[in-house]
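Quick notes on the structure that follows.
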Amino acid sequence: MKSKILSIVIILGLFSLALSACQTQSNGPTTLTIMTHDSFAASDSVIAAFEVANNAKLVFVKSGDAGAALNKAILTKDNPQADVFYGVDNTFLSRAISEGIYQAYASPVLTDIPEQYKLDATNQALPVDYSDVCVVYDKAYFVDHNLPVPQSLDDLTKSAYKNLLVMENPASSSTGLAFLLATIAQYGPDHYLDYWKQLKANGLVVVDGWETAYYTNFSGSSGKGAQPLVISYASDPAAEVINASSPVTDSPISSIIGKNMCFQQIEFVGILKGTEHLVLAQKFVDFMLSQQFQEDMPLQMYVYPVNSRAKLPDSFVKYAQVPEEPATLSPEVITANRDQWINDWTEAILH
Amino acid sequence: MDQRLDRGHSTLTGTDQRTRTRLGIFLWGIPLVFLAVFFFLPLGRILWTALQAALKSTTIAFNIRQVSEPLWFTTWQAVLSTLLTLLLGLPAAYLFAHYAFKGKSTLKVLTTIPFILPTVVAAAGFNALLGPRGLVNLGLMHLFNLSSAPITFMNTLGAILLVHVFYNTTIIIRVVGSAWSQLDPRWEHSARVLGASRWQTLREVTIPLLRPSLLAAALLVFLFDFTSFGVILLVGGPHFTSLEVAIYQQVYSMLNLPLAGLLSVVQLACTFLVTLIYTRINGSRNIPLMPHLNSEGLRTAKTRSEKLFLHSMTTLLILLLTLPMLAMVLRSFLRLGADRGESGAVAIGFTLQYYQQLFINSNQSIFYVPPAQAAVNSLYYATITVILSIGLGLLATYAITRSARQARWLNTLITLPLGASAVTLGLGFLVTFNIPPFDPEHFPLLIPIAHTLVALPFVVRSVQPVLASIPASLRNAASVLGASSWKVWREVEFPIIGRAALVGAIFSFTISLGEFGATSFLARPDRPTLPIAIARYLSLPGDLNYGQALAMSTLLLLVCGLAIFMLEHIRLPGVSEI
Amino acid sequence: MPETHQLSVHEIKKTYEGQPLLNGVSFDVASGEVLCLLGRSGSGKSTLLRIIAGIENADSGLVCWDGKDLRGISTHLRRFGLMFQDYALFPHRNVAENVAFGLRMQGASRSEIEGRVSSVLEQVHMDKFALRSVTDLSGGEQQRVALARALAAAPRLLMLDEPLAALDRSLREQLQQELRDVLHRTGIPAIYVTHDQEEALALGDRMALLNQGEIVQNDIPEVLYRWPKNRWVAQFLGMQNFIEGRVTTIAPLHVQTAIGSFQASAAVENNFSIGEAVILVITPGTDLTSAGTTAINPLTGICKECLFKGEYYQVQLQLSNGESFLYYSNRAVKRHENVALWLPVQNVVCLKK
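Top to bottom, those sequences are chains A, B and C.
Residue 78 in our numbering sits at position 78 of the first sequence, with consecutive numbering throughout.
Count along the second sequence from 1, add 1000, and you get the number used in our numbering.
Count along the third sequence from 1, add 2000, and you get the number used in our numbering.
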């Protein structure tokens, strides 16, 4: 019977395909896979230095915004897609730890890192960098339209700034979540939603991730979008200067660093449980915390190094802004209420 | 009509009862096992996680609004989309059923392309046409020296509705149009002669006779709109949450699997209901259709109002269906803005770099592999999907044709995955097949299997009517002339259903190529498919990423167009659509 | 005196897909008349009916009712009746509803409709089937319902498009009888389309033959059979015996053929000239085996085949020139038997070639 033969052929075909798909690579340098968020960047020379020194091949798998990347790591924790995961920040840290995706590693380089950044005592997640999430604005826009720059959170609700602010969805973007936490710190858990409803009435634009907000919606960067106010990082002014095609003396953008307008974001790296290359992964974590990598980070990712030995580049010192009174919330409070806050915010603002 | 009783018995009616039963079990057993393992098992797992959510409701925080709101939105946007689709589709169906005009077959092909197009490509197309950096906005900004895009189209409800109409008009045109054109014109003539004016004829005769097809088509459109994922995600944006999008968000943003499971169950219940109603209506579609020559009953537009109708209808259709795709193709060759992070003057103009970039994978690129690799992966998965779906589809078709009793429930079972939504399927696979070696890492066939589940109903629907229409007399004649039953199959049945199987194969190939919902849950980063790559690049800023997304979409469009072209030329006579 | 009405069709022309279908068709039908329109399949008969009903438009020509041009009057206002070969009963309505359709369109009241429906159904012997679904009926029953539906609306003209073609022979004959009764009782002018000349003979007062888009001959059946106008008409009416020859004398008309000289008759005697090439057709009707009083027009041949047909024998002769000759006899003829026939002058009709 033809159908019988056909199905036998199919089954055989299936098996051979399955077998061929299962073959793994062998020989040559060991491949280490590092899962990161979309904004990861490092100099080729720095990467190459590690690869040569350790006979390794580094592959960076960019997996969306920090929140999305973390969730993917959690969903696949029984058979991890990578060896190392970088990109969890202090707002999502508790979720990563409680889901148990990491294995602990007390790197020797930790001694160079100040205590304030070591939020995980179990050393499953090790701090790598920090930056401040603030409201960033396009100077030219305000000059052209004769608008004063907003100075406080309340200012953003004024009708003069209608439709001018773009925010990332805190459900998927750690940047958005950080700013949301800043407003909670300012207005308290009972009234922050009122503030956001005012923002919504004032034409708040919500997008999914930081990349879109900054490079598509923001008028002050390459996308030349419609919004001159974006929730972004206080180090962005330095980035625009460094990246300018022709030398400039002043940054075209700046951050608003008033009281409780910024939230410090610390990013962590960790070795995923179940990795087959433990030793190499540990070496890479050491490398990320080491001076060489830490000094490369500011100009690549526009973040501050946690390693106290790392020197900052001049342009960074000159153009990056440091908030004096950043908003703070205790990690326990964040852990306990984060999901509820995100749900409430989504319901109030997105629906 | 005694001949009707003779139809539907295939070669596989052996005389020996034991062979018959063994054969029967073989025939419907294999598809059933496949469905059980790869459809019902994952669904069961989802149900289980949802139950856990209900039981442990103290620890899992959710309120009923997180389910009712997406449900409400999904339902009313689906109803609205269906109504709008009918608004455009019914006059178009009338046009196709009754008029012959120049370029008719081309227009028919054109209306079909959206249906097979992946959602990501449609999103890319509309984005390229009406998005903030789209051709229309850029043109208007240039013309009137505006500083910001005047037309806000993307991320609005209107965009969702429009893209739904774009997708599903062809269903109305094909299903209703085909029934309409096969409606015996003598009924309408009789009514007219008996004194019914045109409107009375429409009301008293045409619509009641068309009602089963109308309902079936409308239900199918509603089903597709209800389970729409890619469109609402990519075209609607963060403000619109349908059930499917909510499931996706709960999994990937909130990591609330139990709530995702609950949403899936609600979704399944709704789509199961609709599918059930649909298969019952389809089964009772037995208004005798009059097979006739293709051109009989068609007239050319003569009067002024007829010509006006013809021209405005065709213009509308062409505008809606081709403009987004044209914009997309055009934009893939144009450099109109800055790359991500690129400052300084931008060189505007014609470029091939987006296509060239597809083969490059720079060290710091967004993707693990060069985008061209995604195309290869997609083709690979599509080929396996075809093999699986044709094999299983043929088995199921024979099982259905053999026994009318088994037919109804087997048919319904096979159609279920169609309505079950790709997202639910993906989620089901995710929570079921996550233990090595049965996980996406080691069992890459999971993706083609998911695709097969979606494609299987189309294969069965293509082959089954053809198989059922082969009269027993044909086989008997071959037998009498000395052919063994295997030879009878090879010489008589296989050539006849071969073409139908080819149609089914083309369907499953394109479905697999464009599948987005389930694949977005299952694809590993080192094995992306083309739609995943396109969605990824679309969501990233900068001209280079956007251009590459459009370049890939254009390639996918080409392949789909080719498939439709082949489909149209292997059209089977007398087979009712969908 | 009852009113008389008349439908006139004048020079109807119509092309179909570029080819001419109707090439100037003209005829009349008056009250009390049944005109049978005969022609091969595809000759445009159905199209003609549709044109008269107003469903299709002719390229040129006139359709007049009582002298008034019907162009511009929409189908549903013409009050004509049309019956189809496959009945075209509305499948979504039962028998009574089908029959009531026309009356409903006319806006009749419920009681009027009920009364008329039941009386019409009685006329066609279908009164017990009023509530049945039409898909449950047999062919003959459906045809009766279709007739009832057409009649219930009291049409001014009834057109029937091969309504009995799908039925088997005995049913057909029975329904032919019933149709004839109904048509003559109502006196409505009727056009009956068929390709079967026996049916035409059963039903029609007059027969019009349609060929190549034209009415070739339009007359009472006796005239058509007695004086077929040309070879096509003769062949269509079932005549099979043709002999070619040349005119030798006119008045009386003599034609010289390969198997001898025959005295012939013609509808118009002095239409022929001496020496003209003509065809003789042997029209049916009489016993050719008796010599009669004059014993002219002998024909001899050898029997090739003799088939028993129930009421007579069909004998096939082979003539001296090799051709066949078919005739009917009431006695059996043996194979290879020599047969001598005598052809009456009135049955030897001379036709132009």
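For each residue, glycine too, the CB sits at the ideal point set by N, CA and C.
Please read all numbers here as calculations on a predicted model, not as lab measurements.
Item	Value
CA-to-CA distance, Ser2074 (chain C) to Ala1980 (chain C), given in whole angstroms	As displayed, chain C neither begins before 2001 nor continues past 2353, which places residue 1980 (chain C) out of reach and without an answer.
Gln264 (chain A) (DSSP reduced to helix, strand or coil)	strand
Residue ranges of each beta strand (DSSP E) within the segment 2293-2338 of chain C, 3 or longer	2298-2308, 2313-2319 and 2324-2329
Chain A contact residues for His1239 (chain B), given Cβ-Cβ distances below 8 Å	Val206, Leu350 and His351
Start and end residues, beta strand (DSSP E) containing Arg1065 (chain B)	Looking at the DSSP string, Arg1065 (chain B) is not in any beta strand (DSSP E); the run it does join, the alpha helix (DSSP H), is Arg1065 to His1098.
Residues within the segment 209-242 of chain A neighbouring chain B, beta-carbon criterion of under 8 Å	Gly209, Glu211, Thr212, Tyr214, Tyr215, Thr216, Ser221, Ser222, Gly223, Lys224, Gly225, Ala226 and Glu240
Stretch pair the segment 329-344 of chain A + the segment 150-168 of chain A: three plus CB contacts closer than 8 Å	no
Residues from the segment 1168-1200 of chain B in contact with chain C, defined by Cβ distance under 9 Å	Asp1184, Pro1185, Arg1186, Trp1187, Glu1188, His1189, Ser1190, Ala1191, Arg1192, Val1193, Leu1194, Gly1195, Ala1196, Ser1197, Arg1198 and Gln1200
Residue-level contact to chain A via CB, Met1254 (chain B), 8 Å cutoff	yes
Cβ neighbours of Phe2080 (chain C) in the same chain (closer than 6 Å, five flanking residues each side left out)	Ala2053, Pro2155 and Leu2157
Among B:Gly1236, B:Ser1378 and B:Phe1565, nearest to Pro1444 (chain B) - alpha-carbon criterion	B:Ser1378
Where His2092 (chain C) sits in the DSSP three-state scheme	coil
Between the CA atoms of Met1328 (chain B) and His1292 (chain B) - distance to the nearest angstrom	Residue confidence is low: His1292 (chain B) scores 43 on pLDDT, short of 50, so the model does not pin down where it sits. No coordinate-derived value is stated.
Where Pro1208 (chain B) meets chain C, residues with beta-carbon distance less than 9 Å	Phe2090, His2092 and Arg2093
Local conformation of Lys2352 (chain C) per DSSP, three classes	strand
Buried/exposed call for Lys77 (chain A), threshold 16 Cβ in 10 Å	buried
contact_flag[the segment 93-113 of chain A, the segment 253-263 of chain A] where n(CB pairs < 8 Å) is 3 or more	no
Chain A contact for Pro1541 (chain B) (CB, 8 Å cutoff)	yes
Identity of the residue in C:Gln2318, C:Ser2111 and C:Val2145 nearest Val2124 (chain C) by Cα	C:Val2145
Closer than 8 Å to chain B by CB, Leu2082 (chain C)	yes
Stretch pair the segment 1081-1088 of chain B + the segment 1210-1229 of chain B: three plus CB contacts closer than 8 Å	yes
Length of the line joining the Cα atoms of His351 (chain A) and Gly1261 (chain B)	21 Å
Neighbour flag for Ile74 (chain A) against chain B, beta carbons, 8 Å	yes
Chain A within 8 Å of Glu1069 (chain B), Cβ atoms only	yes
Beta-carbon gap between Ser1213 (chain B) and Ala1269 (chain B) smaller than 8 Å	no
Inter-residue CB distance, Val1488 (chain B) and Ala1478 (chain B) (contact presumed, cutoff 8 Å)	5 Å
Closer than 9 Å at the beta carbon, the chain B residues around Ala125 (chain A)	Chain B residues near Ala125 (chain A): none, gap ~17 Å exceeds 9 Å.
From C:Val2349, C:Arg2185, C:Leu2210 and C:Glu2173, residue whose alpha carbon lies closest to that of Glu2198 (chain C)	C:Glu2173
Within 8 Å, strictly: CB atoms of Val2225 (chain C) and Leu2210 (chain C)	Note that residue 2225 (chain C) is Tyr in the sequence shown here, rather than Val. No; because the gap between Cβ atoms is not below 8 Å, this pair is not in contact.
Where the alpha helix (DSSP H) through Tyr2225 (chain C) begins and ends	Pro2221 to Arg2226
Exposure label - His1451 (chain B); buried when at least 16 CB within 10 Å	buried
CB contact check: Val1265 (chain B) to chain C, cutoff 8 Å	no
Distance between beta carbons of Ala1216 (chain B) and Val1175 (chain B), contact taken as under 8 Å	6 Å
6 Å CB neighbourhood of Ser2008 (chain C) in its chain, flanking five on each side removed	Asp2028 and Cys2064
Neighbour flag for His2195 (chain C) against chain B, beta carbons, 8 Å	no
Close Cβ partners of Leu1130 (chain B) (< 6 Å) along its chain, the five nearest in sequence each way excluded	Val1136 and Phe1153
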